[in-house]
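Student: Provided herewith is a single structure, encoded as structure tokens, for subsequent inquiry.
Protein chains: 2
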Amino acid sequence: MQLSSDNMKRRNTQFKSEIFDLLQQSNHALNHEMITEALNLKIDRTTIYRILNSFCEDGKVHKIIGDDGKQYFAYCENCKKIKNKHSHKHLHFRCLSCGKLECLKQRIDVDLPMGYDGKMYNFLISGYCNTCNAVTE
Amino acid sequence: MQLSSDNMKRRNTQFKSEIFDLLQQSNHALNHEMITEALNLKIDRTTIYRILNSFCEDGKVHKIIGDDGKQYFAYCENCKKIKNKHSHKHLHFRCLSCGKLECLKQRIDVDLPMGYDGKMYNFLISGYCNTCNAVTE
DNA sequence: CTTATTATTGCAACTTAGTAGCGATAATAT
DNA sequence: ATATTATCGCTACTAAGTTGCAATAATAAG
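Residue numbers (my numbering), protein chains in the order written: chain G, 1 to 137; chain R, 1 to 137.
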């Protein structure tokens, strides 16, 4: 039982704070690869995933699945304000050119059919972001 | 150049029609694994992906990335009506219990910030569908 | 109908993402 | 200072999806 179990006490480590700081400073979501590149520490892949997932469990960060199938993680200032835990009922945008995945402000009002119980929300648009779009024109 | 190139002429084959029929008859999206199980033919993984991607290119089917990171493909009657090509600006729902991924009717009005150019849309909620939800209660 | 063209298929090999087990290390509590 | 146990790195694994290439088969041309 390494991963979660709510009664597990978290410990502060260098890697955790480095990763958390990075996410907090970024204005966009990062995947495992981006994190490895950004921090030029030698951290194992598994360690990164474990740390990121623990952040998710603690509600400090949220996970978005990109339309590239990869897991992205975002601190996301906006939704932090709404509640203590993260809310994901807003749009995300992934740029096909620079790869940046960011949280947009637009919230989505969900109206599920009778009997449906929504648990997780993943609203993603991909295309070209304002900076990349400007360059091509 | 096997995959796409718009000037490639499609040929009718057993596998293509079997897969297309299956998608059309299903009221939900299927991934590679589900298709392999449903048709008990011996079709290679690569063949299935190639066929599915060709359907996507031809606009006969659309692709949704599940929050499990897998590619799902749906015929989706609803969006067929709107245009000749598929539109993806509607909600999808994936059941965490039975695994079914279906298109919902609710459309999403997207209002991207200035300078953003949206190309692909992936709106997915996961949770418990009406049938699975009914069972647990 | 026969032949030529080339889309399609299967196979093998590969890449990449993410996970699981386990022993070693190190953060916290006592 | 010591015990507890969360964390880390390593190895190995699974699963998804892709690519190259040779063999097969659907269509077009004669």
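Glycine is no exception: its CB is placed at the ideal position from the N, C-alpha and C atoms. Please read these numbers as outputs of a predicted model, since none were measured by experiment.
#1: Using CA atoms only, rank isn't needed, just tell me which of R:Asp117, R:Asn133, R:Arg50 and R:Tyr121 is closest to glycine 118 (chain G).
#2: With burial defined as no fewer than 16 other Cβ atoms inside 10 Å of the residue's Cβ, what is the status of arginine 10 (chain R): buried or exposed?
#3: Tell whether a beta-carbon distance below 8 Å holds between tyrosine 116 (chain G) and glycine 115 (chain R).
#4: For the alpha helix (DSSP H) holding cysteine 56 (chain G), just list the boundary residues, first then last.
#5: At the 8 Å Cβ level, is methionine 34 (chain R) part of the contact set with chain G, yes or no?
#6: In the region 36–53 of chain R, which residues sit with their C-beta less than 8 Å from some C-beta in chain G, listed in chain order?
#7: Nearest CA to the CA of alanine 29 (chain G): which residue from G:Glu102, G:Asn40 and G:Pro113?
#8: Quick check: does the Cβ of isoleucine 35 (chain G) come within less than 7 Å of any heavy atom belonging to the ligand HEM?
#9: Can you pull the chain G neighbours of valine 110 (chain R), defined as C-beta to C-beta under 8 Å?
#10: Looking at the secondary structure, which residues open and close the beta strand (DSSP E) in which isoleucine 19 (chain R) lies?
#11: Going by DSSP, which residues form a beta bridge with cysteine 95 (chain G)?
#12: Below 8 Å between beta carbons: does that hold for phenylalanine 123 (chain G) and phenylalanine 123 (chain R)?
#13: Residue range of the alpha helix (DSSP H) that lysine 35 (chain G) falls in?
#14: Could you have a look at cysteine 132 (chain G) and say whether DSSP puts it in helix, strand or coil?
#15: So the beta strand (DSSP E) leucine 104 (chain G) belongs to, where does it begin and stop?
#16: Would the beta-carbon of histidine 90 (chain G) fall within 8 Å of that of leucine 112 (chain G)?
#17: Beta-carbon within less than 6 Å of tyrosine 72 (chain G)'s beta-carbon, same chain only, minus the 5 sequence neighbours each way: which residues are those?
#18: Cα-Cα, which of G:Met34, G:Thr46 and G:Leu52 is closest to serine 17 (chain G)?
Tutor: Per the coordinate set shown:
#1: Comparing Cα positions, the closest option is R:Asn133.
#2: exposed
#3: no
#4: 45–57
#5: The Cβ of methionine 34 (chain R) sits no closer than 8 Å to any Cβ of chain G.
#6: none
#7: G:Glu102
#8: Absence of the ligand HEM from the depicted structure is noted, as is the absence of any ligand whatsoever, leaving it without description.
#9: For a Cβ distance threshold of 8 Å, residue set Leu91, Gln106 and Ile125 of chain G lies close to valine 110 (chain R), ordered along the chain.
#10: No beta strand (DSSP E) contains isoleucine 19 (chain R), which is instead part of the alpha helix (DSSP H) from 14–25.
#11: G:Gly127
#12: yes
#13: Note that residue 35 (chain G) is isoleucine in the sequence shown here, rather than lysine. Element bounds for isoleucine 35 (chain G): 32–38.
#14: helix
#15: 101–107
#16: no
#17: Ala29, Asn31, Ile64, Gly66 and Leu101
#18: G:Leu52
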